[in-house]
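Just below is one structure, and these are the notes that go with it.
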Amino acid sequence: MLLVSTGNVRNSELEAIFTANLESIADKFDTFDFIEISQQAIIFHV
1 MLLVSTGNVR NSELEAIFTA NLESIADKFD TFDFIEISQQ AIIFHV
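All residue numbers for the sequence shown refer to the working numbering, where the first residue is 1 and numbers rise by one.
Written as structure tokens, this is what we have:
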């Protein structure tokens, strides 16, 4: 599951967050079942 908790951001900002982190997020789903992405961080929950 991917939880997007960025708050109120423009679509362009949300797209930039995903573009910058997409490869890392996809790779981490091999290890983690629950990933949270915010404006400040990506959190990998155990």
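By construction, the Cβ of each residue, glycine as well, lies at the ideal position given by its N, Cα and C atoms.
Every value quoted in this text rests on a predicted model; they were computed, and no experiment measured them.
Three-way DSSP call (helix, strand, coil) for residue i in this model
i, result
"F18", "helix"
Residue(s) in a DSSP beta bridge with residue i
i, result
"V9", "DSSP output for V9 lists no bridge partner at all."
"I35", "L2, F44"
Whole-Å CB distance - residue i paired with residue j, under 8 Å assumed
i, j, result
"I17", "I25", "Between I25 and I17 the Cβ distance is about 10 Å, and since that is not below 8 Å, they are no contact."
"V4", "I37", "6 Å"
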